[in-house]
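Chains V and U are the protein sequences, given in the same order.
Using my numbering, the first residue of the first sequence is number 1, and each one after it goes up by one.
Using my numbering, the first residue of the second sequence is number 1001, and each one after it goes up by one.
Taking it in order: structure first as structure tokens, then the write-up.
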Amino acid sequence: MSTEQRPYRKVAYYPGCALEGTGHAYNRSTKEVGKALGLKLDEVKNWNCCGAMEVKNIDPKIQTYLSSRVMSIAANEMGHDVVMAPCNGCYHNLKKADYDLKHDDESRQVVDRISSKAGHSTYEAGQVETIHALDWIKEGIGEKELRSRVKNSLKGLKVANYYGCMYTRPRHIFPEKDQGPGSESTSQPHFMDDLLAVAGAENVDFPLKTACCGGAHTLSDSDTSTLLVLNILRAAEAAGADVIATECPTCHSGLEMHQVRAEKKFGYKLEVKILYFTQLLGMALGLSPKTVGVHENVSDSMPMLKQKGIA
Amino acid sequence: MPIHEEHLIRPENLKTQEDLVIDGIDVSGHWSTFIESRVVTDYNEALEEEIAALPGGEYIHRCWQCGSCTNSCTVNEVNPDFNPRYWIYLIRMGMESELLRDKEIIWQCVSCNKCTYACPRDVVPEGVMKATAHWLELKGHTPKSPSMVFDEVFTEQVIQTGKIEEGRIIRSFFKRTGQELMQDWLVEMVKRLVAKLPVTLLWKMGLANVLRPRTSGWAGARDAIQDYVDEKNAEHRKALRLDELVELAKQEAKPGQQMAAE
Ligand code: SF4
Ligand code: SF4
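Quick look at the structure:
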């Protein structure tokens, strides 16, 4: 397949709230990687919050509406059929909304009603395909082409790839996963591993790829979250990782926050660094650490990156 | 008989006698521990229906008690008392008082959906946990959990403006739960962050606090969502017979007036 014929060359981009706040470095590095690879992002106009982890606990159908509005704008006002969301929460919610609208009459009625009262066209299930930043790069550019663009190999860097909960669970909202060779797996996800391996990194055998970081209760049950994050950080160190690669702003800031909290409150100091996979990929493509926002992370990776000859 | 798997029985229901003689035979030692027998009389037969009426609880009736949810549960690993399978059992049996013993921890479900992934019956145990936590609060068995306060602060902001701004959410959350905002670990985190950031970006982040991010033209959506929320709240109150309960409590509180009315 020639590069131009690949899918996802130009997609609607839904950054979501976190990428305008704590996940700013992820937003920046995603855009920069897109630019470097010639993949176009067309930001969803006047988007709203997808409902994150919270709104569904008040009422799941409000969440379905919120997510559907984003997809409605992408499809009906901008004419897109693919929405790319780099945040696991957004990605998950858009997928779930699409699933619910396909399978549940009541969800359809509620969304119809709120959309018409709010004065915009209703989103119909299937109008757009929601993809993650991982799909976007993996499919949009392909591993072969990506390999040829690596200018600054991540050779010698040991990476633990952390995918978290929302990227794979619950399984039924991701019908395209677990479809055999080439597709993503919900039990052993590997898209991020694949991309970083192409960039030269050495992926360690990391058993907690889809463990939970307690992100939903980062502030409301901090001790549990710290404990869960500690498990993840320790497992990564035990596997010999220099860095944990993340693909979600909530996971990423959860790991960073509770790494600090574990140190301050419980006296556990763990050295493993935390970087977005787009930051690692960007540096492999020859972008500077600054361009991909390494200085915006809480976790200070610069000395490690310098020592490895990457920065 | 010695009791196997003693850890499965609550300590207060185990009775051990030091020197026990029954019918002239000394049975102390190995044979002296008994399980307190108990009779459950306070069933709430409507319990399953009430949970099923709340969002997330819809599929509780499908459970066949395989235990895969508890087996895969993230929080169970940290706290063995966190047991979704068991709570689903109690709810379906109507054993309300037994369920209430664990009321302080049910809200701790982190929504990781490992249970949903593992459940062979599509019960969506994660949803049942949320519905149960909600039920406990609506019925007044527990005060609002910190997690619920967080969800409310968050949802209110989304409904009002269409978007959220994390700094503002964190501030409102600490305020509503009466916690100190300047937690030492948060301060430490901000310090580490600020040490590396260029001034222009700090400026922008500061401005986000003042110029609240919002979705323009959101008023229509805001009102439509609010209507829906009000309607749903009324439905939930009805399903849990909350208004009846409130009425009953009022009557009991004012016996004098009731007599006068008669
Ligand atoms: S996994 Fe499903 S069927 Fe099995 S006990 Fe849990 S809720 Fe019931
Ligand atoms: S969603 Fe809740 S109940 Fe289910 S496994 Fe995760 S923490 Fe346990």
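Ideal Cβ positions, reconstructed from N, Cα and C, are used throughout, including at glycine.
For residue i and chain U, any beta-carbon pair shorter than 8 Å?
i	result
L227/V	yes
A52/V	yes
V110/V	yes
I62/V	yes
L66/V	yes
G267/V	no
V55/V	yes
C212/V	yes
S220/V	yes
N76/V	no
K96/V	no
R69/V	yes
K117/V	yes
I58/V	yes
A216/V	yes
C251/V	no
N46/V	yes
I310/V	no
V298/V	yes
I73/V	no
C87/V	no
Would you say residue i and residue j are within 8 Å of each other, going by their C-beta atoms?
i	j	result
R69/V	H120/V	yes
V1110/U	T1074/U	yes
K209/V	Y163/V	yes
A205/V	A239/V	Sequence inspection shows Asp at residue 205/V; the Ala mentioned does not correspond to that position. Yes, Cβ-Cβ distance for D205/V and A239/V is below 8 Å.
G79/V	E1166/U	no
S292/V	E256/V	What sits at residue 292/V in the sequence shown is Val, not Ser. Result no, Cβ atoms of V292/V and E256/V do not sit closer than 8 Å.
G142/V	Y8/V	no
V1158/U	V110/V	no
C212/V	C1112/U	yes
C49/V	G1162/U	yes
K158/V	A235/V	no
A1239/U	E1048/U	no
A36/V	G282/V	yes
A320/V	V83/V	In the structure displayed, chain V extends from 1 to 311; residue 320/V sits before or after that span and is not available.
V1229/U	D59/V	yes
K95/V	T130/V	yes
F1082/U	L219/V	no
Please report the Cβ distance between residue i and residue j, rounded to the nearest whole angstrom; I am assuming they are in contact, meaning their Cβ atoms lie under 8 Å.
i	j	result
K273/V	S301/V	4 Å
E247/V	A133/V	7 Å
I310/V	N152/V	7 Å
A97/V	A1221/U	Rounded, the Cβ-Cβ distance is 15 Å, inconsistent with contact.
E1058/U	A1052/U	6 Å
V128/V	A74/V	6 Å
L285/V	V243/V	Actually they are not in contact, since the Cβ atoms of L285/V and V243/V sit about 17 Å apart, beyond 8 Å.
N316/V	G1217/U	Outside the shown range of chain V, which is 1 to 311, sits residue 316/V, and nothing can be said about it.
H1236/U	L1054/U	6 Å
A245/V	L196/V	6 Å
Counting contacts by CB-CB distance shorter than 8 Å, is residue i in contact with chain V?
i	result
A1052/U	no
K1130/U	yes
Q1017/U	no
V1039/U	no
W1135/U	no
S1032/U	no
H1004/U	no
W1218/U	yes
R1192/U	yes
I1170/U	yes
V1210/U	Below a pLDDT of 50, predicted positions are generally treated as unreliable, and V1210/U, at 49, falls in that range; no measurement from the model is reported.
D1102/U	no
K1139/U	no
P1080/U	no
K1144/U	no
So, does the CB of residue i fall closer than 8 Å to a CB anywhere in chain B?
i	result
Y1059/U	This model lacks chain B altogether, as its protein chains are V and U.
For ligand 3, any of its heavy atoms closer than 7 Å to the Cβ of residue i?
i	result
P1125/U	For the structure depicted, ligand 3 is absent and the ligand set comprises only ligand 1 and ligand 2.
So if I threshold CB-CB distances at 7 Å, which residues from the stretch 19 to 32 of chain V count as touching chain U? E20, G21 and T22
Just to confirm the assignment: which complete alpha helix (DSSP H) runs, minimum length 4, are found wholly within the stretch 10 to 63 of chain V? 24 to 37 and 55 to 58
Secondary structure, alpha helix (DSSP H): runs of 4+ residues fully inside the stretch 169 to 248 of chain V: Within the stretch 169 to 248 of chain V, the complete alpha helix (DSSP H) runs of at least 4 residues are 191 to 198 and 222 to 238.
So within the stretch 244 to 297 of chain V, which uninterrupted beta strand (DSSP E) runs reach at least 3 residues, ignoring any that extend past its ends? 273 to 276
Chain V contacts from the stretch 1225 to 1246 of chain U (Cβ-Cβ distance under 8 Å): I1225, D1227, Y1228, V1229 and K1232
For a minimum of 3 consecutive residues, which ranges assigned as the beta strand (DSSP E) are wholly contained in the stretch 121 to 156 of chain V? 129 to 132
Relative to chain U, which residues along the stretch 144 to 177 of chain V have a C-beta separation below 9 Å, given in chain order? G164, C165, M166, T168, R169, P170, R171 and H172
Return the chain-ordered ranges of every alpha helix (DSSP H) run that is complete within the stretch 1123 to 1188 of chain U and spans a minimum of 4 residues. 1125 to 1138, 1146 to 1161 and 1166 to 1176
Within the stretch 1027 to 1094 of chain U, ranges of the beta strand (DSSP E) (whole runs, at least 3 residues): 1033 to 1035
Check distances from the C-beta atoms of the stretch 120 to 135 of chain V to those of chain U and list, in chain order, the residues that come in under 9 Å. H120
With 8 Å as the limit, tell me which residues of the stretch 264 to 296 of chain V have their beta carbon closer than that to any beta carbon of chain U; keep them in chain order. K264, K265, H295 and E296
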